[in-house]
Amino acid sequence: MIPAGFEYARATSLDDALAKLKAGGDGGKLIAGGHSLVPLMKLRLSEPRLLIDISRIPDLAGIRERDAKIVIGAGTVHHDLATSSLLRERCPVVSEAAATIGDPQVRNRGTLGGSIAHADPSADMPAVMVALNAEIHLKGPKGWRVVPAVNFFQDLFTVDMAADEIIASIQFAPVRTAAYAKLYQRASHYAIVGVAAALEVSDGTIASARIGLTGAASHARRLTQVEKALVGQPPSTEVIERASHAAALDAGEVNSDIHASAEYRRAMIPVFTRRALAAALARA
Amino acid sequence: MAAIPVLPKLVGERVKRREDPRLIQGRGTYVDDIKIAGMQHLAFKRSDVAHGRIRSIDTSAAEAMDGVEAVFTGAQVMEMLAPMPIATPFPSPPHRVLATDAVRYAGEAVAVVVASNRYTARDALDAIVVDIDPLPAVVDPELAMTGRPTVIHPEFPNNLAVALLPSGTGVSADGKVDDSAIEKAFAAAEVVISQRMVNQRLVPNAMEPRGVVAHFEPGKGSMTIWSSTQNPHILRTMIAAMIGLGQDQVRAIAPEVGGGFGAKVNIYPEEYVAAAISKRLGVAVKWVEDRSEAFVATTHGRDIIGYVDLAARRDGKVLGLKLRLIADIGAYNMLLTAAVPTLTMLMANATYDFPAIRTTLTEVFTNKTPTDAYRGAGRPEASYFVERAMDMLARELGLDPAEVRRWNFIARDKFPYATQMGAVYDSGDYEKALDLALKASNWNALVAERDAARKEGRLVGLGLAMYVEVCGLGPSSSLPTGGWEHSQVTVERDGRISATTGASPHGQGNETTFAQMLADQFSVPIEHITIHHGDTAIVKQGIGTFGSRSQAVGGVALHLAGGKVKVKMKKFASALLEAHEDDIVFENGRIAVKGSPASGKSFADIAAYAYVPVPLPEGLEPGLSDEAFFEPANNTYPFGCHISMLEIDRDTGEPTLLKFVAVDDAGNLINPLIVEGQIHGGLAQGIGQAMLEEAVYSDDGQLLTGSFMDYALPRATDFPRFELHSSVTPTPVRASSTRPSMRSPRSE
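Chains A and B, in that order, are what the protein sequence lines are.
Per my numbering, residue 1 is the first one in the first sequence, and the count goes up by one each step.
Per my numbering, residue 285 is the first one in the second sequence, and the count goes up by one each step.
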């Protein structure tokens, strides 16, 4: 990589990172795993004057359960999500989705916070976080702020996060009956279409359903028609099938690129909705 | 006396690659590891647009930057360097080393910065202002052939570099064409298969991109040039000619080379420019390609359309083949560009005894990166066109695709076989390879499995293909560089052996296979042998590694040179042991009189005597070193049969390979482990092309698959376990019966 010149500073704490970010002004940029930022710097599409390395801040590390919530430090790398025994036991969809990201090199460096902050339209984790109704915990100069994932992702590479804020953690109530299914873009292993389904089943009825979709449009979003078609119904093949068909209507505008036409993407949304729902119910 | 340890024979054994420990531990020396005091760094300004007229290039801001030594535009480079040379006999438009008047593909270099470090050089590129008047671009060869929407080189109306060049039955060497045989074949046909087939454009993607360090020493008046090349001797010849030095004044070094795949045969603008600037400024200069540049500035492969017509009887006997080829060669002719598609014509017979064949070749300029040699260079394209047509024929007639092939094979008793296309296949036994593949794959069981899966509604398919490939390039009549290879073998004073080879391996493992051969030839431990390559000051002569030639041609030169030294060493031994030369044997690191090993001397003792020859045997010069050039009488034509089974996901259309069985006949194998590695790489390449890879351009000439985020190079997880088998059909045209190890698979 031959990027434009930049200064480098390693932050030792969240507050230290915020101070450095403020000092850096417009030219400051946070870097954790670098898997979204570095490719842009390589092409000189991004030329930050100051890189603030947040990858060794203790407050951003770790996966733990606290007050019936899973708390994941934003600096946690995908490999740690994929192999966490806590997640695999309590909320396996996160491990499952993390294991599909890129390749081992990417998973060893790329972080959950980075994936969410960058909000690539084809990234996997935004769909999962939408389905889990995760809270994004941000810290800025004015203190803490909590944004639900579904509101956090706003548009193409656009999130509800100010330039002077840092994602500290991602928190959600664990859902065991949840799964992620994706159609791989074969070069990058991003999702052409990715669907995360989180269900609650009690007494033979789907009590609640949250479905997150990525890859199809500008940003991750819920498939509310699918959710409506599921709630109150028995977890049967017929119900899954009917709900999956609702996904195509639910999808809205979809992307088209050299890897998949809009028509193909639209046709794949019900397929991967069905697969995610079936896999989630298999965990019930 | 203690028992003499027995040295095992190594040829044919699975000896681990001697190259690997240093390479996988990061201890290799690549071009980018070369550092010279005072060395400057180059960066190339490249055109963003695919086609346009250059109005002006303003380099003043870049020249004013701290650390920038100089900036040269295409016009300034033109004063130092003649146009790009090519090695094919076809007409070619003028091709400036850097663009001067017009740019013709996105990525074509228009200026070069010389700076004190790589980062400054890259920064300076952004300060160069290039004003280009855009012209319409064309990326579709069949559109370009109409002359619309643009003509890329005014000397070539309708963008035709080569137009309807005929070859095959009824085409004489002087170009006279007699259509009667091919017309008769099609007139007699009971069925004709016609299909347009596209063999798409690929990006070679060596793990190590290209790079060059040029170091002109004004005091000596000579140049050393390091380059990530497959052929340092050809590089030396070309660089010397282009910068006005003698071949004795240029030393070319290919250090570790991280793969070439044919794309590092060509001598590139960056190499000529580095040499010219080093000579002009009197300092060393370095350029190392980055991956984004490699996608557009290193030649591409394939990109050929075939219109295939196959005439046959209803019993499956093929009567004739017509193959009309349209090759998209990109914007310029590079070193071998125009010749590559002629190899598709040469291999149009495939493994079949077709009574009549007519091929025509049209080569078209488009606003894309030039093509050149890549991974089989024209021959896998022929296999694809012919084998797919054979499958279509079998399906049309409701016949077994294996049997239709068998009925049309060149019979094993017909070799050597002169093809309709002008090749002479040295040897072959295609039925043997087919039968082995059918047996090894348990074909009948696979057919049953496929049929059962289809009954369940699954989309499961079974495929079979033969191939034959021209390898071991080649007689000097077929290569403008000469088609021989050279080797020198030296038994050193301490009894160790140094050998050089003009083949320039870059992944083929010749440091191992050549040492295996010498270990057996001299009966010494392989640890006592070093193979030198890739440096024209050490390796006196050579051609290089491409066209599956390093083992088949270079290996024979090594064997011949070793044989000469062995004869001389016998004479010294004969004098020392007071026995007749014919009774001297080399055994287990010793040289002895036949039948009495205890009488012998160690190999090192005889070597020492040869260098301090007191007394000097009559008629002998001191020393143990000799060389050989080997000129092959013909190419070799290895072949094989591959079988695969795959399933298509009914919901998504995604294919998954379930099984892959490969039978390859590369003759006697020097090292089956290395050959299997080469075959694995070849399968990865072929499957990559079949299922994942393509260089995709937008209509305005931008490469849309310009990074690994969009260009789907296969991963290990994309493959099933490869099941490999080999048949062994020796070649009659070699001193050693080694065929080159596989070209259609991933070897060079």
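Here a beta-carbon is modelled for each residue, glycine too, at the ideal position from N, C-alpha and C.
Quick caveat: nothing in here was measured; it's all calculated off a predicted structure.
Practice item. Express the C-alpha separation of E238 of chain A and S576 of chain B in angstroms, rounding to a whole number. Key: As a position in the second sequence, residue 576 of chain B is number 292, starting the count at 1. As a position in the first sequence, residue 238 of chain A is number 238, starting the count at 1. If I take the Cα positions, the gap works out to 49 Å.
Exercise for review: Excluding the 5 residues preceding and the 5 following V869 of chain B in the sequence, name in chain order all residues of the same chain whose CB lies nearer than 7 Å to its CB.
Suggested key: Counted from its first residue, the second sequence places residue 869 of chain B at position 585. Counting only Cβ-Cβ distances below 7 Å, and skipping sequence neighbours, we find A876, K878.
Point to revise | A996 of chain B at chain A interface by Cβ criterion, 8 Å | key: Within the second sequence, residue 996 of chain B is the residue found at index 712, counting from 1. Output row for A996 of chain B: interface = yes.
Check your understanding: According to the neighbour-count rule (16 or more other Cβ atoms, all chains shown, within 10 Å of its Cβ), is D910 of chain B buried or exposed?
Key -> Along the second sequence, read from residue 1 onward, the residue named residue 910 of chain B stands at position 626. So D910 of chain B counts as buried.
Check your understanding: Using 8 Å as the limit for Cβ to Cβ distance, is T784 of chain B near chain A?
Key -> For this step, residue 784 of chain B is matched to residue 500 along the second sequence. Chain A, which has no Cβ nearer than 8 Å to the Cβ of T784 of chain B, makes this no.
Point to revise | Distance, L743 of chain B Cα to G966 of chain B Cα | key: Position 682 of the second sequence, counted from the start, is the residue given in the question as residue 966 of chain B. Position 459 of the second sequence, counted from the start, is the residue given in the question as residue 743 of chain B. Spanning the two alpha carbons is a distance of roughly 26 Å.
Check your understanding: If we cut at 8 Å on Cβ distances, does L976 of chain B have a partner in chain A?
Key -> Working through the second sequence from its first residue, we reach residue 976 of chain B at position 692. Yes, contact with chain A.
Point to revise | chain B contact for L87 of chain A (CB, 8 Å cutoff) | key: To locate residue 87 of chain A, count along the first sequence from 1; it is residue 87. By this cut-off, L87 of chain A is not an interface position.
Review point. Among B:P425, B:A471, B:Y556, which one has its Cα closest to the Cα of V482 of chain B?
Key: Sequence index remark: in the second sequence, residue 482 of chain B carries index 198 (1-based). Nearest option by C-alpha distance: B:P425.
Check your understanding: Can you tell me where the alpha helix (DSSP H) with E89 of chain A in it begins and where it stops?
Key -> Within the first sequence, the letter at position 89 stands for residue 89 of chain A. Note, E89 of chain A: alpha helix (DSSP H), 85-90.
Practice item. State yes or no: is the beta carbon of L967 of chain B nearer than 8 Å to at least one beta carbon in chain A? Key: Numbered from its first residue, the second sequence carries residue 967 of chain B at position 683. Not one chain A Cβ lies under 8 Å of L967 of chain B.
**Study point:** Inter-residue spacing [alpha-carbon to alpha-carbon] between A673 of chain B and Y556 of chain B
**Key:** Taking the first residue of the second sequence as position 1, residue 673 of chain B is located at position 389. Taking the first residue of the second sequence as position 1, residue 556 of chain B is located at position 272. So the two alpha carbons sit approximately 44 Å from each other.
Exercise for review: Would you kindly check if the distance between the Cβ of N794 of chain B and the Cβ of G741 of chain B is under 8 Å?
Suggested key: In the second sequence, the residue the question calls residue 741 of chain B occupies position 457. In the second sequence, the residue the question calls residue 794 of chain B occupies position 510. It is not a contact, given that the beta carbons lie outside the stated cut-off.
**Study point:** Length of the line joining the Cα atoms of A411 of chain B and T343 of chain B
**Key:** Along the second sequence, one-based indexing puts residue 411 of chain B at 127. Along the second sequence, one-based indexing puts residue 343 of chain B at 59. Looking at the two C-alpha atoms, the distance is approximately 7 Å.
Practice item. Note down, one range per segment and in chain order, each beta strand (DSSP E) of at least 3 residues found wholly within the region 965-1003 of chain B. Key: none
Point to revise | Chain-ordered chain A contacts of F638 of chain B [CB-CB under 7 Å] | key: Here residue 638 of chain B corresponds to residue number 354 of the second sequence, with the count starting at 1. Neighbours of F638 of chain B on chain A: none; closest Cβ ~37 Å, over 7 Å.
Check your understanding: Would A634 of chain B pass as a contact of A469 of chain B if the rule is Cβ separation under 8 Å?
Key -> As a first step, residue 634 of chain B must be located in the second sequence, where it is residue number 350. As a first step, residue 469 of chain B must be located in the second sequence, where it is residue number 185. Cβ atoms of A634 of chain B and A469 of chain B: not closer than 8 Å.
Review point. Can you tell me whether DSSP reads S169 of chain A as helix, strand or coil?
Key: For the purposes of this step, residue 169 of chain A is taken as residue 169 along the first sequence, with counting starting at 1. Here S169 of chain A sits in strand by DSSP.
Exercise for review: Compare the C-beta of M993 of chain B with all C-beta atoms of chain A and state if any pair is closer than 8 Å.
Suggested key: If you number the second sequence from 1, residue 993 of chain B lands on position 709. Yes, because at least one Cβ of chain A sits closer than 8 Å to the Cβ of M993 of chain B.
Check your understanding: Can you tell me the Cα-Cα spacing of V295 of chain B and V849 of chain B, whole angstroms?
Key -> Residue numbering aside, residue 295 of chain B sits at position 11 when the second sequence is read from its first letter. Residue numbering aside, residue 849 of chain B sits at position 565 when the second sequence is read from its first letter. Distance between the alpha carbons of V295 of chain B and V849 of chain B is about 19 Å.
Point to revise | Integer-rounded CB distance, given that A632 of chain B should sit under 8 Å from L603 of chain B | key: Counting from one through the second sequence, the residue named residue 603 of chain B turns up at place 319. Counting from one through the second sequence, the residue named residue 632 of chain B turns up at place 348. About 15 Å; that fails the 8 Å criterion.
**Study point:** chain B within 8 Å of A280 of chain A, Cβ atoms only
**Key:** For the purposes of this step, residue 280 of chain A is taken as the residue at position 280 of the first sequence. No, A280 of chain A lies away from the interface with chain B (no Cβ there is under 8 Å from its Cβ).
Review point. Count the other CB atoms within 10 Å of the CB of R339 of chain B; is the residue buried (16 or more) or exposed (fewer)?
Key: What you label residue 339 of chain B is simply residue 55 of the second sequence in a count that begins at 1. Exposed.
Review point. According to a CB-to-CB cut-off of less than 7 Å, which residues of the region 777-805 of chain B neighbour chain A?
Key: none
**Study point:** Distance, A524 of chain B Cα to K504 of chain B Cα
**Key:** Here residue 504 of chain B corresponds to residue number 220 of the second sequence, with the count starting at 1. Here residue 524 of chain B corresponds to residue number 240 of the second sequence, with the count starting at 1. For K504 of chain B and A524 of chain B, the distance between alpha carbons rounds to 15 Å.
Check your understanding: Does the beta carbon of M268 of chain A sit closer than 8 Å to a beta carbon anywhere in chain B?
Key -> For the purposes of this step, residue 268 of chain A is taken as residue 268 along the first sequence, with counting starting at 1. Yes, M268 of chain A counts as interfacial toward chain B.
Exercise for review: Would you kindly report the start and end of the unbroken beta strand (DSSP E) that includes A348 of chain B?
Suggested key: In the second sequence, counting from the first residue as 1, residue 348 of chain B sits at position 64. That residue, A348 of chain B, is in no beta strand (DSSP E); it is neither H nor E in DSSP.
Review point. Going straight from the alpha carbon of A845 of chain B to that of S834 of chain B, what length do you get?
Key: By 1-based counting over the second sequence, the position of residue 845 of chain B is 561. By 1-based counting over the second sequence, the position of residue 834 of chain B is 550. Those two C-alpha atoms are separated by around 15 Å.
Review point. So which residues on chain B does S55 of chain A lean against when the C-beta distance must stay under 8 Å?
Key: The residue given as residue 55 of chain A occupies position 55 in the first sequence. Ordered by position in chain B, no residue passes the 8 Å Cβ test against S55 of chain A, which lies about 22 Å from the chain.
Check your understanding: How long is the line joining the alpha carbons of V352 of chain B and A405 of chain B, rounded to whole angstroms?
Key -> Here residue 352 of chain B refers to the residue found at position 68 when the second sequence is read from its first residue. Here residue 405 of chain B refers to the residue found at position 121 when the second sequence is read from its first residue. Their backbone Cα atoms lie some 7 Å apart in a straight line.
Review point. Going along the chain, which residues of its own chain have a beta-carbon closer than 6 Å to the beta-carbon of G847 of chain B, five neighbours each way excluded?
Key: The sequence position of residue 847 of chain B within the second sequence is 563, counting from 1. Hits under 6 Å: none found.
Practice item. Kindly list, in the order they appear in chain B, the residues whose Cβ is closer than 9 Å to that of L183 of chain A. Key: Within the first sequence, residue 183 of chain A is the residue found at index 183, counting from 1. For the C-beta of L183 of chain A, the chain B residues within less than 9 Å are, from N- to C-terminus, T936, E938.
Exercise for review: Determine the burial state of L223 of chain A: buried for a count of at least 16 other Cβ atoms within 10 Å of its Cβ, exposed for fewer.
Suggested key: Locating residue 223 of chain A in the first sequence gives position 223, counting from the first residue. Buried is the call here.
Review point. Taking DSSP as the reference, what is the three-state secondary structure of V150 of chain A?
Key: Position 150 of the first sequence, counting from 1, holds the residue named residue 150 of chain A. Here V150 of chain A sits in helix by DSSP.
Point to revise | Beta-carbon proximity list for A578 of chain B, same chain, < 6 Å, skipping 5 on both sides | key: Looking up residue 578 of chain B in the second sequence gives position 294. The residues are P493.
Practice item. Could you tell me whether any Cβ in chain B is nearer than 8 Å to the Cβ of G5 of chain A? Key: Along the first sequence, one-based indexing puts residue 5 of chain A at 5. G5 of chain A counts as touching chain B.
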